[in-house]
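*Asks:*
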Amino acid sequence: MARKILVTGACSQLGWVVEALLKQREDTEVVALPQAELDILDGELVDATVERLRPATIINCAGFNDVEAAEHRLATKLPVNTRGLCNLARASAKFKVYLCSFSSKYVFNGKNSEPYGEDDDKWPLNQYGNSKHGGEEMVDNLIDNYLIVRSDLLYGAGGNDWVSRIKEELGAGRPLAVSNDFFIAPTYIGDLAAAMVALSTEWAAGIYHYTNDAGNGVSCYEFARAVAEQAGLDITLLQPKPMTEIDFGGPLNLPERAILKLDRFKEMFPLLVRPWREALAAYMAEAS
Ligand SMILES: NC(=O)c1ccc[n+]([C@@H]2O[C@H](COP(=O)([O-])OP(=O)(O)OC[C@H]3O[C@@H](n4cnc5c(N)ncnc54)[C@H](OP(=O)(O)O)[C@@H]3O)[C@@H](O)[C@H]2O)c1
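Heads up, the final residue of the sequence shown is numbered 1382 in the numbering used here, and it's a clean run with no missing numbers.
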């Protein structure tokens, strides 16, 4: 019998790709619901939907992840990361569903010189990080059978991501200030979605880290430079700056080097981890 998987937040960058990957599997039946059909903040609707559909698995792709906006203007959007996830966890406990969701490196404070393991101390520095940490804790308190995959900066949705912004600004000849002291493991959305599908297919439990492999991290400037080089754009328009000189619309604490250790994931799927430059080149070739 096909395994029924409910994808929530189906119109997110990740939702589209997760749904498409699942639909390629003959052993899987996918029901993908956007916010308009399932608002996960509505606990009664979540319960009724799970009771009606009886999925074996929920892969939650809903969330709010604009770190700057969450800090200064749109903190009211954050409950989807906490209360929304909590509603899914309650329904999953009630109807014995395996719940899978995404979290973020922002649960860490970025002060470690080495990459963070899944069980290292959490210490979020901003509202977004607090919401992701809160969501993780709620799930852990409510349900045993869950999978949370933490990741880093995503690109590859086209139009709406940082790679597109870099291409747009430089393509129009506009200078772009980019931090040279904020370190990331940039990750292609298609790779993260494939990692989630692989882990959930194996009913992996607990927390896993997944990013493209960036060693101990690359600066945003280095990443932007790689994008510009691969797109044949003028790299001199990139202005490397310390975070303190970047305009985030107000004060914002960021974890300067919160790089995620990948060992737990690599033990299961070593072939699904590739270097960040290789993933970026593959995406740029595909998108051009
Ligand atoms: N983007 C990143 O760099 C990044 C990095 C690490 C982890 N993550 C995590 O990955 C997950 C998905 O991120 P993403 O970038 O793919 O998201 P996204 O493209 O920003 O989309 C978020 C989606 O959540 C939906 N949503 C918001 N509130 C909802 C609600 N109450 N009920 C149901 N759906 C709701 C939105 O619906 P509408 O389309 O109707 O607005 C939207 O489709 C999030 O948990 C995020 O924290 C993202």
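From the three backbone atoms N, C-alpha and C, an ideal C-beta is built for every residue, glycine too.
If you're wondering where the values come from, they're calculated on a predicted model, not measured in any experiment.
The beta strand (DSSP E) spanning A1375 covers which residue range?
*Replies:* If you number the sequence shown from 1, residue 1375 lands on position 281. Where A1375 is concerned, there is no enclosing beta strand (DSSP E), although the alpha helix (DSSP H) it sits in stretches over W1370 to A1381.
*Asks:* Fully enclosed by the segment 1222-1309, which beta strand (DSSP E) runs are 3 residues long or longer?
*Replies:* Fully enclosed beta strand (DSSP E) runs of 3 or longer: 1240-1245, 1270-1273 and 1300-1303.
*Asks:* Give the single residue among K1261, N1235 and K1205 whose Cα lies nearest to the Cα of Q1395.
*Replies:* Look at the range of the chain in this structure, 1095 to 1382, and you will see that residue 1395 is not part of it.
*Asks:* Report yes if the C-beta of L1179 is less than 6 Å from at least one heavy atom of ligand 1; otherwise report no.
*Replies:* What you label residue 1179 is simply residue 85 of the sequence shown in a count that begins at 1. Not under cutoff, so the answer is no.
*Asks:* Can you pull the DSSP bridge partners for N1154?
*Replies:* Your numbering for residue 1154 matches position 60 in the sequence shown. In the DSSP output, where bridge partners are listed per residue, N1154 has T1102 and S1195.
*Asks:* Counting only the same chain and skipping the five closest in sequence on each side, list residues whose C-beta sits under 6 Å from that of D1246.
*Replies:* Your numbering for residue 1246 matches position 152 in the sequence shown. Cβ neighbours of D1246 beyond the five flanking positions: K1199, I1278, A1279, T1281 and T1305.
*Asks:* Could you tell me if the beta carbon of G1284 falls within a distance shorter than 6 Å of some heavy atom in ligand 1?
*Replies:* By one-based count along the sequence shown, residue 1284 stands at place 190. No - ligand 1 has no heavy atom lying nearer than 6 Å to the Cβ of G1284.
*Asks:* In three-state DSSP terms, what is R1119?
*Replies:* Taking the sequence shown and counting its residues from 1, the one referred to as residue 1119 is at position 25. The answer is coil: DSSP assigns R1119 none of H, G, I, E or B.
*Asks:* Shortest alpha-carbon distance to A1289 belongs to which of A1271, I1340, G1229 and F1359?
*Replies:* Counting from 1 along the sequence shown, the entry for residue 1289 is found at position 195. The shortest Cα separation from A1289 among A1271, I1340, G1229 and F1359 belongs to F1359.
*Asks:* Rounded to whole angstroms, what's the CA-CA distance from V1233 to T1151? Just pull it up for me.
*Replies:* Numbered from its first residue, the sequence shown carries residue 1233 at position 139. Numbered from its first residue, the sequence shown carries residue 1151 at position 57. Near 15 Å, if we compare the C-alpha coordinates of T1151 and V1233.
*Asks:* Output the distance between the C-alpha atoms of M1362 and R1368, rounded to the nearest integer angstrom.
*Replies:* Looking up residue 1362 in the sequence shown gives position 268. Looking up residue 1368 in the sequence shown gives position 274. Rounded to the nearest angstrom, the two C-alpha atoms are 14 Å apart.
*Asks:* Please name the residue, chosen from V1101, R1268 and E1230, that lies closest to E1123 on a Cα-to-Cα basis.
*Replies:* Along the sequence shown, read from residue 1 onward, the residue named residue 1123 stands at position 29. Residue V1101 is the option with its Cα nearest to E1123.
*Asks:* If distances are taken between C-alpha atoms only, which option among L1219, D1214, I1340 and L1356 comes closest to N1274?
*Replies:* Working through the sequence shown from its first residue, we reach residue 1274 at position 180. For N1274, the nearest C-alpha among the options comes from I1340.
*Asks:* Would you mind working out which of A1375, L1127, D1307 and E1165 sits nearest L1365, comparing C-alpha positions?
*Replies:* For this step, residue 1365 is matched to residue 271 along the sequence shown. The candidate whose alpha carbon is nearest that of L1365 is D1307.
*Asks:* Considering Cα atoms alone, identify which of V1321, L1116 and E1212 is closest to D1255.
*Replies:* The count along the sequence shown starts at 1 and reaches residue 1255 at position 161. For D1255, the nearest C-alpha among the options comes from V1321.
*Asks:* Relative to ligand 1, is the shortest distance from any of its heavy atoms to the C-beta of I1134 smaller than 6 Å?
*Replies:* The sequence position of residue 1134 within the sequence shown is 40, counting from 1. Flag set: Cβ of I1134 near ligand 1.
*Asks:* Closest to A1373 by CA distance: which of D1328, N1347, D1285 and P1218 is it?
*Replies:* Position 279 of the sequence shown, counted from the first residue, corresponds to residue 1373. With distances taken between Cα atoms, A1373 lies closest to D1285.
*Asks:* Going by beta carbon distance, what residues of the same chain come within less than 6 Å of Q1107, once the five residues before and after it are set aside?
*Replies:* Sequence index remark: in the sequence shown, residue 1107 carries index 13 (1-based). Within the same chain, Q1107 has close Cβ partners A1251 and I1283.
*Asks:* Report yes if the C-beta of N1220 is less than 6 Å from at least one heavy atom of ligand 1; otherwise report no.
*Replies:* Counting from 1 along the sequence shown, the entry for residue 1220 is found at position 126. Checking every heavy atom of ligand 1 against the Cβ of N1220, none is found closer than 6 Å.
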